[in-house]
Every structure is written in structure tokens, then in C-alpha cells.
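Step one of this worksheet: look at the structure below.
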Amino acid sequence: MSEVPEPILVALQQGLPLCPRPFAAAAQALGISEETLLEHAAKLLETGTARRLGGIFDSRRMGFTTALCAARIEFPTDEPQIAELIEDPHITHCYERGNHEAIADLQGDLAWESLPNLWFTYGAEQTAFDAGLARARRLLAPAEIVVLPAIRHFRTHVIMGRQAPSTASPAMHTNELPPLSETERRVVQVLQGTSQLCPEFYQSVAAQVGISRDQLLATLQDMVACGRLKRVALVLRHRSAGYAANAMCGWHIAPAQMAEMGRELAESPCVTHCYERPPSAMYPFNLYAMMHARTWREFRKGYGKAVEHLGLSGGILMCSLREFKKTSPVYA
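508 is the number of the first residue of the sequence shown in this note's numbering; add one for each residue after it.
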């Protein structure tokens, strides 16, 4: 991992201010120079510690239907089908998940041979979503694919770092939105990639979009207000940033307890994502939490505190054993 001070790493993930010189404003809050902050951001991108610096959008508010999908396949026999599966640009994450020796003693008596071991996320506009899942089912047949859309979002604001705030996601917007305007579509096209690092960051983005800087800032402020844009920020590669231990944790929670349990679990420092999803015969858990730590020792400590505080038991830890794909969504 690049040696970047953690306050800087956290600040770049929290997002750049929407102002004419965003790096200068962020640097002032950190007590460093604009040049120093730009150098650190550039280093994180050049070394591959960060995947990109750009817009982080809300898939739901962008008109996408999204779901976590899972199947039980045969490794390595079915790996050619996985290679073909992940060619679909609407699949952004794809992993082999299962038990890990470092935390095997934390697992209950589970029938691992029947649990899903291939997990992927799918997000697209509804017509493409249906067609894409149909293709995935053909590719992985005879394996069954279980589709697990999020029912409630307790935490999606992913900030890695010990100094990161453990704050649950803000309340969801529920009002209908009109389609993206042509200007908004061009803004999304530019910001869904990585934009040039420079003091006049938004001026550079505006030039690519073909509008003035002030028009761009006004458009971004509108997109934040309606919930389409979460922030303009650095997106880390978690393993490259030193977070080598992670697991998707699951429990079966009674409906009457779900809201309270989900909110409290989302506040745990090691939790980066937290959702309610429907249980299924293949995977009978309905509260999901993604937990990250630098080491398995640190993971065990964070996990232990969370489950002890909430009195959780009878869960599962699905560890990321192999990463087949990890990208950001393409919206326009």
C-alpha cells in the first residue's frame, strides 16, 4: 500500500467539496497544502491502491434495478462459464466465497457443500436486467441462481480507514425522478471514469462535458440534492489499500427486530455495507453485513465486538476466496 496518512486517505474517500478549487478546500481542512493532497491522490491512483477518482452514484436513483445473485457451482470445472459470465458489463462484482481457515472456528455447523459459492452483483435498467439474468442462468445451468435484491439499506457509505466515521446511510429518497437531461448524461459519462487530477478539477471536468465550471457545479449540486450523486471521491481497491481480511456475514433476524438490528449493526466500525435481503431455501439469511479489516486478527476483534453487542448468533461468514471481477457501474 502507498504510505498515505490515514486522515488523507479517509478525506479523499469522503469526497471533494463542490467548489472551484476542491483540492485546496480539502487540503485546508486537513492542514496540508493543495500540492501535497494532489500528490497523494496521484500516488494512490498510480500504484493501483485506488481504482478511480470520480462520481459515486446511487444506482437506484439512476434508474437501475440491482441485486446480489448467488449460485452453487463446481470449481474449477465451471470456471470457463464464469469467464464468459463476467464479460457482461452490468456485472460489477464477482467472487468465489466460502469458509476460510482463519475464522473457521467462528462458523456454526453449516452444510458448506450445499451453500452458494459464486456471488455476483447485477445492475441495469429493468429490460437489460431481465435479459442479463436470463443469459446468466443459461451460462451457469444446471446451477440455480438465487436473486437477492436489497429490501432495506442500512449502510452503503463505504469509507475505509480506522479514522472513518461509522455512520449509517442517510434516509432513502422515494420520489420519482425524470430521465437524465442531456447535460446530466454527459456529466455522468465523464465522472463515471477517472478525471484528470489538477487544482481546477471541476474546470477540467466541465471542459470535457462542454459546459462552464459554474454550470457543472450547479448540475452536481442538483444531482446530490435529488440523490443521484452521492459524492465525487476516491474509490479504493480494498486489498491494495491493506484490507486483506473480509467476509460477507449473514444472520436470520425476526422481522420485528430487523430495523433495530440493521441500524445498530451498520454503526459497527468494521461494517462497510449492511442490508436486509430476502431469505431463500439455498441461503436462509436475511441480514447481510460486509466487514473489512487489515488482518484476520483485527477482523475477529471487530466481528466479536459487533456480535456480542447485538447478541447475534447462528450466522455465517462467507469469505472472499477469489475475486473474478470488481468494477464500477456504467450508467451512460
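By construction, the Cβ of each residue, glycine as well, lies at the ideal position given by its N, Cα and C atoms.
- Boundaries for ARG567: no beta strand (DSSP E) harbours it, and the DSSP string shows neither H nor E there.
- Between the region 765-783 and the region 577-589 there are fewer than three C-beta pairs closer than 8 Å, too few to call the two in contact.
- Taking the Cα positions, GLU689 is about 12 Å away from ILE718.
- The DSSP-derived three-state label of PHE806 is helix.
- Following the DSSP letters along the chain, one finds PHE661 inside the beta strand (DSSP E) bounded by residues 659-662.
- Runs of the beta strand (DSSP E) spanning 3 or more residues and lying entirely within the region 668-747 occur at 736-743, in chain order.
- Contact check for ARG662 and VAL778: beta-carbon distance about 6 Å, within the 8 Å limit, so the pair qualifies.
- Distance from the CA of LYS812 to the CA of TRP758, rounded to the nearest whole angstrom, comes to 16 Å.
- Residue state for ALA751 is assigned as coil, using DSSP reduced to three classes.
- Here DSSP, grouped into helix, strand and coil, assigns PHE530 to helix.
- In the structure shown, THR543 adopts helical secondary structure according to DSSP, grouped into three states.
- Sequence-distant Cβ neighbours of VAL837 in its own chain, meaning closer than 7 Å and more than five residues away, are PRO596 and GLN699.
- Nearest to ALA788 by alpha-carbon distance, out of THR599, GLN696, ILE515 and ILE652, is ILE652.
- The C-alpha of HIS816 is placed about 11 Å away from the C-alpha of GLU774.
- Judged by DSSP secondary structure, ARG645 falls within the alpha helix (DSSP H) whose first and last residues are 633-647.
- Scanning its chain for C-beta atoms nearer than 7 Å, with the 5 sequence neighbours on each side dropped, one finds around PRO791 the residues HIS759, in chain order.
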